[in-house]
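Residue 1 is where the sequence shown starts when you use UniProt numbering, and the numbers rise one by one after that.
Glycine residues also receive a C-beta, built at the ideal position from the N, C-alpha and C atoms.
To start, the structure itself, in structure tokens.
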Amino acid sequence: MKLNLCIFIAIVASIDAFSIPPPIFSSARALSSSAWSAASSVDSRQFRRSRDLSSSAQTDASSVVPTSLQSLDVKEKAKIFGRMADKYILLDESGGDCCYSGCKDCEYRDEDGSYKMAEMLAARPKWIVPYFRRSFGSASGLKDHSSKWMSTLFSSSPKLTRSTFAAEFKQLEYYQPLGGPYLSIPDGTDINDDSVDAFVEFLFGDENEISKKKCENIVLTWKNGEGLVWNDWVKLLE
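As structure tokens, then:
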């Protein structure tokens, strides 16, 4: 009887030993689970940080894309035009020989029937003139005119760098031109740096400097040697 009781006690003790996990195993499992959670948390934070940095880099890259002259607001285009336009323009020298009496088959008329004019004058700035300086006529009737904006910019040097041109162009006096949106003098004077940079890019292309002669030649191409009025300027920038 005593022997059977001892065997029974030994069996129960053996079962308890296997069914109750030792504290060390529980601690190991708890540590393993904690380490896995910590590692997962670190990986998640690193992924989010990498994603945020990538997004920030894309934002920075897009923010440095230069503004094109074509994409400018119409008021900014007007601020540029108002710095470049003149009230006066010299046109066809032969136009000065016409009597403007409506003669039949007049040689001083264009193909569309309009008169060839030697010069024109407007109440407000109207034309971006296609020359740096133009003169014709005799000593008794000499006509001479210089582009307001080009003569001002190149007054001290025959060549200008991009940065110098931009700084000087921004300081040009603004006048309310004929055509385009109305802008007061203060509003027209306050031109955005991006607008000036866009115009410099449009004029300079890949070059870092521009000469007086090259600037004149570029303007000559804008309307086949004719002066640009506001509508021509808008069309050029479409």
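C-alpha distance - residue i paired with residue j, whole-angstrom precision
i: residue 36; j: residue 196; result: For residue 36, the predicted structure reports a pLDDT of 45, less than 50, and the residue's modelled location is therefore unreliable. The matter cannot be settled from this model.
i: residue 200; j: residue 166; result: 7 angstroms
i: residue 214; j: residue 154; result: 12 angstroms
i: residue 103; j: residue 144; result: 28 angstroms
i: residue 57; j: residue 111; result: Any reading at residue 57 must be qualified, since the residue scores a pLDDT of 40, below 50, and its modelled position is unreliable; no value is offered.
i: residue 222; j: residue 236; result: 7 angstroms
i: residue 216; j: residue 105; result: 35 angstroms
i: residue 157; j: residue 113; result: 42 angstroms
i: residue 141; j: residue 68; result: 44 angstroms
i: residue 109; j: residue 91; result: 13 angstroms
i: residue 194; j: residue 163; result: 13 angstroms
i: residue 75; j: residue 83; result: 13 angstroms
i: residue 171; j: residue 205; result: 22 angstroms
i: residue 135; j: residue 119; result: 11 angstroms
i: residue 98; j: residue 138; result: 16 angstroms
i: residue 107; j: residue 198; result: 43 angstroms
Residue i and residue j closer than 8 angstroms at C-beta
i: residue 127; j: residue 227; result: yes
i: residue 132; j: residue 233; result: no
i: residue 100; j: residue 88; result: no
i: residue 188; j: residue 77; result: no
i: residue 209; j: residue 161; result: yes
i: residue 230; j: residue 178; result: yes
i: residue 207; j: residue 70; result: no
i: residue 130; j: residue 225; result: yes
Unbroken beta strand (DSSP E) run spanning residue i, endpoints
i: residue 135; result: 133-136
Reference residue i; option with closest CA among the options
i: residue 122; options: 86, 138 and 225; result: 86
i: residue 169; options: 191, 222 and 182; result: 191
i: residue 218; options: 235, 203, 176 and 236; result: 203
i: residue 220; options: 206, 178 and 147; result: 147
i: residue 174; options: 130, 186, 73 and 230; result: 186
i: residue 73; options: 135, 181 and 224; result: 181
i: residue 211; options: 83, 172 and 159; result: 159
i: residue 117; options: 94, 134, 225 and 198; result: 94
Delimiting residues of the alpha helix (DSSP H) encompassing residue i
i: residue 160; result: Counting along the chain, residue 160 falls outside any alpha helix (DSSP H), though it belongs to the beta strand (DSSP E) covering 159-161.
i: residue 229; result: Unbroken run through residue 229: none, as it is neither H nor E.
i: residue 151; result: 148-153
**Every unbroken beta strand (DSSP E) inside the segment 181-224 [3 residues or more]** = 209-211
**Asked** Taking only runs of the alpha helix (DSSP H) that begin and end inside the segment 64-143, which ones reach a length of at least 4 residues, in chain order?
**Response** 74-84
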